[in-house]
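Novice: Handing you this structure, nothing more for now.
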Amino acid sequence: MEKKESYLRKELRSLLFGVHVAVVRCLQWGDTGKGKMVDVLMFWADIIIRGTGGDNAGHTIMNNGKKKVFHIIPSGILGDKKGKVTIIGPGTVVYPKALVDELLNLGKQGLTYKHLKISKNAKLILPTHIFEDRAKELKSADAKIGTTGKGIGPAYSDHFARIGLTMNDLLNEDVFRKKLKRHLSYKQHLLDYPQDKAKKIMACDHLMAGIFYDPDELFNFEQIVYHYVHVFGVSLQNYIVDTDKIIQKALKEKKNILIEGAQGDLLSVDYGTYPFVTSSDASLEGLLKGCGLRAEDVDLDLGIIKGFVQTRVGSGPFPSEAGGSMSELYCAKHSRVEEEDRYTEVDINSENEFEAGLALRRKAQEYGATTGRPRRVGYLDLPLLKNSLKRSNANTRLVLTKLDILSGKKIIKICTHYVYKGPNYFDGQIMYVEGSTVEEPPMDSYFLENCSPVYKEFPGWSEDIREVRKYKYLPKELKDILEFILDFVGMEQDPAIISVGADREETIVL
Ligand code: IMP
Ligand code: MG
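The opening residue of the sequence shown carries number 104 in our numbering; numbering runs sequentially from there.
This is the structure:
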């Protein structure tokens, strides 16, 4: 095992030769295995930083045979004992309670966080945000985004509406009180929400079982001040710093910086399948801004896709979903436990698309790391991948993960374009009518919902590939599909890394 790892490191060192800033991010709807990639690259990094999102993220890492899941804390924290600095950047939104809980949990597992730094400019998630997120989702089933209920959207909205607070405010009680008072004055309309329902939301575990609830005002001002400033603030005070300074110094000193993306390009509020997206810009530019970096700082941009499949959690268009709307409805209503009880034997080669998708989900363990929801599973969508790659540059290389899952699948379908089902739609100057071919779809969910996928089918491979460590030993069928994809999306560079299993060593470097 030791030997294999050093072989992997040698390969990685040549990939990382001359690189000082590397990005690991997802080109799909999240959950493509960023956690594992950060773990693989961690030996090289001096600093690991996250720039967007909050505890909506769920990054899973297999560490010494044990599964670790991180939410707001960058997975880089696993390098703390080796002196690596882990940063929660200025573009993130932080619910201090979730952060403190996660830190306590680390402690229980014998992990340390001595070198953790939290940007003083990271945005605060307040109880109002969690309330608004949940109330909005409950309001109308049709318009449901399927958020994680962590208050992410309202926290970002309030930042832009100029009524937000930052982590630095935890350090100054007077300022916190003034800003919170002003913040709550803009939340008076929430008092109109039916009281029984409001009370129920406020009583959820995430809001500390009703501690912030006030029957007259909805939010209990003093309790928020007490917990934010005196409980969480005190626990976190030594970690809140100016992270921009650390980053600028690291750039000058040519330290190695690893940027850990959150969510994915298709969930970016600016470039994703709007409105079924998260509320931050999860694209390369958004990530960099949220870390205090610029595009020209980046030497290697690793864009991850799942090996020939695609998944999403929550609502929203997914043209290549296996089993279509049946799968979407099913995933919204059923839990993992129900699924495991009900479907004991499922086959990835089933002719029933819904069942084939379900079997892939079971095999790949595609359940939300944050919410536990079954992820919707489908086939690689190249029109959407082209959209994600539009803003890539010469330093962008693909990474493919989870390719081992498809071993034994007889036919592999790849979506190359859509056929539009109408009604007439103008995408700028392009008009789509019923029957139009769609190669570069507008990122508008009203349009995407009316698209039928067209697939190219490839023969699959039967062998287990988890032991393969060199590209040339991968099955020919797999390499043919990969070459087709690279050619189709116009990617001139080879992929940088192919992951053939959950463990660190189950990795091929090209
Ligand atoms: P929010 O980020 O909680 O507002 O949720 C908005 C959408 O993004 C929902 O469809 C979520 O399921 C999705 N989402 C948010 N974070 C993640 C993630 O880390 N992985 C996958 N999907 C996510
Ligand atoms: Mg995830």
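Even glycine gets a Cβ: it sits at the ideal position worked out from N, Cα and C.
Answer yes or no: the CB of residue 472 versus the heavy atoms of the ligand MG, is any distance below 8 Å?
Specialist: Within the cutoff, so yes.
Novice: Return helix, strand or coil for residue 481, following the three-state DSSP convention.
Specialist: strand
Novice: What do you get for residue 353, buried or exposed, if any count of 16 or more other CB atoms within 10 angstroms of its CB means buried?
Specialist: So residue 353 ends up on the buried side.
Novice: Taking C-alpha atoms, which residue in 520, 164, 313 lies nearest to residue 560?
Specialist: 520
Novice: When burial is assigned at 16 or more other CB atoms within 10 Å of the CB, is residue 152 buried or exposed?
Specialist: By the 10 Å Cβ count, residue 152 comes out buried.
Novice: Tell me whether residue 218 is buried or exposed, calling it buried when 16 or more other Cβ atoms sit within 10 Å of its Cβ.
Specialist: By the neighbour-count rule (16 or more Cβ atoms within 10 Å), residue 218 is buried.
Novice: Between residue 563 and residue 509, which are expected to be in contact by the criterion C-beta below 8 Å, what is the C-beta distance as a whole number of angstroms?
Specialist: 6 Å
Novice: Tell me the DSSP bridge mates of residue 653?
Specialist: No statement about residue 653 is possible, as the shown extent of the chain runs from 104 to 613 and does not include it.
Novice: Compare the C-alpha of residue 216 against each of 341, 495, 313 and name the closest.
Specialist: 341
Novice: Hey, could you find the ends of the alpha helix (DSSP H) residue 326 is sitting in?
Specialist: That run of the alpha helix (DSSP H) goes 324-328.
Novice: Name the residue from 412, 402, 261 whose alpha carbon lies nearest to the alpha carbon of residue 512.
Specialist: The shortest Cα separation from residue 512 among 412, 402, 261 belongs to 412.
Novice: I'd like to confirm the pairing. Which residues does DSSP put opposite residue 600 in its beta bridges?
Specialist: 502, 612
Novice: What are the boundary residues of the beta strand (DSSP E) that includes residue 558?
Specialist: Residue 558 -> beta strand (DSSP E) spans 554-562.
Novice: Cα separation between residue 471 and residue 431?
Specialist: 14 Å
Novice: Cβ of residue 163 versus every heavy atom of the ligand MG: is any distance shorter than 8 Å?
Specialist: Indeed, a heavy atom of the ligand MG lies less than 8 Å from the Cβ.
Novice: Just how far apart, CA to CA, sit residue 332 and residue 479?
Specialist: 40 Å
Novice: Taking the DSSP output, what are the residues bridged to residue 153?
Specialist: 191, 363
Novice: For residue 162, report the span of its alpha helix (DSSP H) as first-last.
Specialist: Run containing residue 162: none in the alpha helix (DSSP H); it sits in the beta strand (DSSP E), 162-166.
Novice: Looking at residue 236: is its Cβ nearer than 9 Å to the Cβ of residue 254?
Specialist: yes
Novice: Just the C-alpha distance for residue 296 and residue 233, rounded to the nearest angstrom, thanks.
Specialist: Going from the Cα of residue 296 to the Cα of residue 233 covers about 14 Å.
Novice: What do you reckon, is the C-beta of residue 134 under 8 Å from a heavy atom of the ligand MG?
Specialist: yes
Novice: Does the Cβ of residue 540 have 16 or more other Cβ atoms within 10 Å, making it buried, or fewer, making it exposed?
Specialist: exposed
Novice: Between residue 366 and the ligand IMP, is the CB less than 8 Å from at least one heavy atom?
Specialist: yes
Novice: Does the Cβ of residue 155 lie closer than 8 Å to at least one heavy atom of the ligand IMP?
Specialist: no
Novice: Any heavy atom of the ligand MG within a distance shorter than 8 Å of the CB on residue 160?
Specialist: yes
Novice: Just to check my reading of the structure: residue 600 and residue 588 have Cβ atoms closer than 8 Å, yes? What is that Cβ distance to the nearest angstrom?
Specialist: The Cβ separation is near 15 Å, so there is no contact.
Novice: According to the neighbour-count rule (16 or more other Cβ atoms, all chains shown, within 10 Å of its Cβ), is residue 82 buried or exposed?
Specialist: No statement about residue 82 is possible, as the shown extent of the chain runs from 104 to 613 and does not include it.
Novice: Who pairs with residue 529 in a beta bridge, going by DSSP?
Specialist: 534
Novice: Exposed or buried, residue 104, counting other C-beta atoms within 10 Å across all chains shown (16 or more means buried)?
Specialist: Low local confidence applies: a pLDDT of 48 at residue 104 is under 50, so the model's placement there is unreliable, and no value is given.
Novice: Thinking C-beta only, is residue 143 closer than 9 Å to residue 607?
Specialist: yes
Novice: State buried or exposed for residue 119, treating a residue as buried only when at least 16 other CB atoms are found within 10 Å of its CB.
Specialist: buried
Novice: Express the C-alpha separation of residue 572 and residue 401 in angstroms, rounding to a whole number.
Specialist: If I take the Cα positions, the gap works out to 27 Å.
Novice: To the nearest whole angstrom, what separates the beta carbons of residue 155 and residue 383, a pair I think is in contact under 8 Å?
Specialist: 4 Å
Novice: Using a Cβ-Cβ cut-off of 6 Å (strictly less than) and excluding sequence neighbours within five positions of residue 536, which residues of its own chain qualify?
Specialist: 527
Novice: Can you tell me the Cβ-Cβ gap for residue 165 and residue 405, rounded? I've got them flagged as a contact below 8 Å.
Specialist: At roughly 19 Å, the Cβ-Cβ gap does not stay under 8 Å, so residue 165 and residue 405 are not in contact.
Novice: In terms of alpha-carbon separation, which member of 491, 387, 483 lies closest to residue 506?
Specialist: 483
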